[in-house]
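J.:
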Amino acid sequence: MGAPVIDRQLPTDDAAALLDLTRDLATRELAPRAAEAERTGEFPRELFRTLGRAGLLGLPYPEEYGGSGQPYEVYLQVVEELARAWLAVGLGVSVHTLSCHGLASFGTEEQKRRWLPDMLGGELLGAYCLSEPHCGSDAAALRTRAERQPDGDYLVTGTKAWITHGGVADFCTLLARTGGEGAKGISAFLVEAGTPGMVAAPAERKMGMKSSVTAQVVFDRARVAEQRRIGAEGEGFGVAMAALDAGRLGIAACAVGLAQAALDVAVEYAGERTAFGRPIGDFQGVSFLLADAAAGVEASRQLYLAAARRKDAGRPYATQAAMAKLVATDTCMKVTTDMVQVLGGAGYVEDYPVERYMREAKVLQIVEGTNQIQRLVIGRALLDR
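All residue numbers for the sequence shown refer to my numbering, where the first residue is 426 and numbers rise by one.
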């Protein structure tokens with residue numbers, strides 16, 4: 426039985442057609458391959474090209490630069506549908522979108538016209554190089570340095586850690602220190618893969634999302650042209666934080682998609698599995714788990730959509746993005762765990778995907794700002810008022 430269609434309120438007929446296309450691609454191209462790729466750790470590079478040719482790798486960016494001009498409200502629902510079929514792909518699309526944010530939002534007109542069309546065109550895949558081995562949450566403490574040379578170019582030295590698409594991306598947005606300590610000494614750069622002195626370490630061996638490549642990226646006097654700096658020197662931390670506000674909505678959408686996938690499996694199982702002569706879904710102990718999961722998934726969906734609509738309207742949304750990321754990913758962890766419980770012993774074996782979903786859910790509470798950081802963001806916003 427196929428996954429049920431989510432009842433969505435979409436702003437236009439074009440948006441509805443886009444979601445139909447996404448569901449079709451997810452059903453035909455993603456879902457049948459996810460389990461085996463997660464077992465073998467095979468990165469689905471060609472699938473990203475398929476999504477790119479369908480226009481799904483540049484959705485929220487302006488059409489004049491090669492994007493699709495879709496509002497975040499629509500783009501995030503596309504990410505949700507992709508993550509529902511295969512989290513590594515949904516999250517990969519979110520990370521690619523994150524990697525384009527700095528140039529799209531802070532680049533000069535010349536930079537955007539020169540590089541964005543290729544970045545959004547579907548053939549290239551991006552990465553976001555911010556975290557380092559000694560600092561994840563404390564991003565302002567990064568040590569990677571970009572030393573300016575007499576000709577204006579920069580030599581970059583340092584190591585970035587936990588980089589999604591590290592070693593397989595075609596470009597990355599890099600945050601490096603050009604000045605003194607703290608946030609004001611950080612600058613942003615657009616770096617092309619294959620730059621001499623830039624290499625990826627072997628991929629990390631992870632608990633879940635094994636088909637998504639995560640690796641350190643090492644810079645050893647890698648030369649980056651002055652024209653590839655995004656914004657002025659010292660403005661990179663603002664570039665990074667603005668991107669993460671948007672990226673957290675992508676993670677929230679991924680969490681909703683993954684939780685929905687787990688709920689779909691459990692609902693079907695509870696209707697078919699019998700105990701004491703009745704489907705197990707007839708027992709309150711099971712049906713209440715399903716009900717709580719459904720309520721949590723829908724509440725998380727509406728929370729990320731409300732934040733997206735604020736973004737689309739040009740209103741401040743950083744606090745709402747933190748709330749959406751926090752609630753959606755915590756809900757996802759609970760839902761995936763509870764859906765394993767619904768399946769009982771069957772949920773603990775690889776015959777059903779819910780055990781994989783539970784393992785995958787954990788990383789969503791960590792990436793793009795741990796949920797403890799989200800609580801700091803929300804708490805500070807409350808107290809600042």
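Beta carbons: idealized from backbone N, C-alpha and C, even for Gly.
Reducing DSSP to helix, strand and coil, say where Tyr-782 ends up.
T.: Position 357 of the sequence shown, counting from 1, holds the residue named residue 782. Helix at Tyr-782.
J.: Leaving out five residues on either side along the sequence, give the residues of the same chain with a beta carbon under 7 Å from the beta carbon of Glu-785.
T.: Numbered from its first residue, the sequence shown carries residue 785 at position 360. If we look at Glu-785 and ignore the five residues flanking it on each side, its Cβ neighbours are Leu-512, Gly-633, Met-634, Leu-683.
J.: According to the neighbour-count rule (16 or more other Cβ atoms, all chains shown, within 10 Å of its Cβ), is Val-430 buried or exposed?
T.: Reading the sequence shown from its first residue, position 5 is the one you call residue 430. It is exposed - the Cβ of Val-430 has fewer than 16 other Cβ atoms within 10 Å.
J.: Starting from Phe-468, follow the beta strand (DSSP E) in both directions and report where the run begins and ends.
T.: Reading the sequence shown from its first residue, position 43 is the one you call residue 468. Where Phe-468 is concerned, there is no enclosing beta strand (DSSP E), given that its DSSP letter is neither H nor E.
J.: Along the chain, where does the beta strand (DSSP E) containing Met-623 start, and where does it finish?
T.: By one-based count along the sequence shown, residue 623 stands at place 198. First-last of the beta strand (DSSP E) with Met-623: 623-625.
J.: Compare the beta carbon distance of Phe-713 and Arg-653 with 8 Å and say whether it is the shorter of the two.
T.: Within the sequence shown, the letter at position 288 stands for residue 713. Within the sequence shown, the letter at position 228 stands for residue 653. It is not a contact, given that the beta carbons lie outside the stated cut-off.
J.: First and last residue of the beta strand (DSSP E) that includes Glu-617?
T.: Sequence index remark: in the sequence shown, residue 617 carries index 192 (1-based). Run containing Glu-617: 611-617, per the beta strand (DSSP E) assignment.
J.: Rounded to whole angstroms, how far is the Cβ of Thr-815 from the Cβ of Trp-587, which I believe are closer than 8 Å?
T.: Coverage of the chain is limited to positions 426 through 810, which leaves residue 815 absent and any answer about it impossible.
J.: Nearest-angstrom Cα distance between Tyr-490 and Asp-543?
T.: Translated into the one-based positions of the sequence shown, residue 490 becomes position 65. Translated into the one-based positions of the sequence shown, residue 543 becomes position 118. Answer to the nearest angstrom: the Cα atoms are 9 Å apart.
J.: Kindly indicate the opening and closing residues of the beta strand (DSSP E) around Tyr-553.
T.: For the purposes of this step, residue 553 is taken as the residue at position 128 of the sequence shown. Where Tyr-553 is concerned, the enclosing beta strand (DSSP E) stretches over 551-554.
J.: Does Phe-708 come out as helix, strand or coil in the three-state DSSP assignment?
T.: Looking up residue 708 in the sequence shown gives position 283. Phe-708 falls in the coil class under three-state DSSP.
J.: Could you tell me if Ala-724 is buried or exposed, where buried requires 16 or more neighbouring beta carbons within 10 angstroms of its beta carbon?
T.: Mapped onto the sequence shown, residue 724 falls at position 299. That one is exposed.
J.: Assuming Phe-596 is part of the beta strand (DSSP E), what are its boundary residues?
T.: By 1-based counting over the sequence shown, the position of residue 596 is 171. From DSSP, the beta strand (DSSP E) with Phe-596 extends over 596-602.
J.: Pick out whichever of Leu-444, Gly-804, Ala-738 has its Cα sitting closest to the Cα of Gly-883.
T.: The structure shown has nothing for residue 883, since the chain only spans 426 to 810.
J.: What is the residue span of the alpha helix (DSSP H) that Trp-587 lies within?
T.: Indexing the sequence shown from 1 puts residue 587 at position 162. That residue, Trp-587, is in no alpha helix (DSSP H); its beta strand (DSSP E) goes 579-589.
J.: Would Phe-662 pass as a contact of Ala-601 if the rule is Cβ separation under 8 Å?
T.: Against the sequence shown, residue 662 aligns to sequence position 237. Against the sequence shown, residue 601 aligns to sequence position 176. Not in contact: Phe-662 and Ala-601 (Cβ atoms no closer than 8 Å).
J.: According to DSSP, what are the bridge partners of Ile-655?
T.: Position 230 of the sequence shown, counting from 1, holds the residue named residue 655. Looking at the DSSP assignment, Ile-655 forms a beta bridge with Ala-613.
J.: State the Cα-Cα distance for the pair Thr-756 and Tyr-773, rounded to the nearest angstrom.
T.: As a working note, residue 756 is residue 331 in the sequence shown. As a working note, residue 773 is residue 348 in the sequence shown. In a straight line, the C-alpha of Thr-756 is about 20 Å away from that of Tyr-773.
J.: Looking at the unbroken alpha helix (DSSP H) that takes in Phe-662, where does it start and where does it end?
T.: Residue mapping note: residue 662 aligns to position 237 of the sequence shown, counting from 1. 661-697 is the span of the alpha helix (DSSP H), which, as asked, contains Phe-662.
J.: Which ranges does the alpha helix (DSSP H) cover as unbroken runs of at least 4 residues, wholly within the stretch 489-514, from first to last along the chain?
T.: Qualifying alpha helix (DSSP H) stretches, in chain order: 497-510.
J.: In chain order, what residues of the same chain have a beta carbon less than 8 Å from the beta carbon of Tyr-777, not counting five sequence neighbours either side?
T.: Your numbering for residue 777 matches position 352 in the sequence shown. So the list reads Val-690, Tyr-694, Leu-768, Ala-771, once near-sequence residues are dropped.
J.: Report buried or exposed for Ser-562, applying the criterion of at least 16 other Cβ atoms within 10 angstroms of its Cβ.
T.: Here residue 562 refers to the residue found at position 137 when the sequence shown is read from its first residue. Answer is exposed; the Cβ neighbour count stays below 16.
J.: In angstroms, rounded to a whole number, what distance separates the CA positions of Ala-657 and Asp-717?
T.: As a working mapping, residue 657 is identified with position 232 in the sequence shown. As a working mapping, residue 717 is identified with position 292 in the sequence shown. The alpha-carbon atoms of Ala-657 and Asp-717 are separated by roughly 49 Å.
J.: Note down the Cα distance separating Gln-574 from Leu-580, rounded to an integer number of angstroms.
T.: Working through the sequence shown from its first residue, we reach residue 574 at position 149. Working through the sequence shown from its first residue, we reach residue 580 at position 155. Spanning the two alpha carbons is a distance of roughly 7 Å.
J.: With DSSP run on the structure shown, which of helix, strand or coil describes Val-722?
T.: Numbered from its first residue, the sequence shown carries residue 722 at position 297. Note: Val-722 maps to helix in three-state DSSP.
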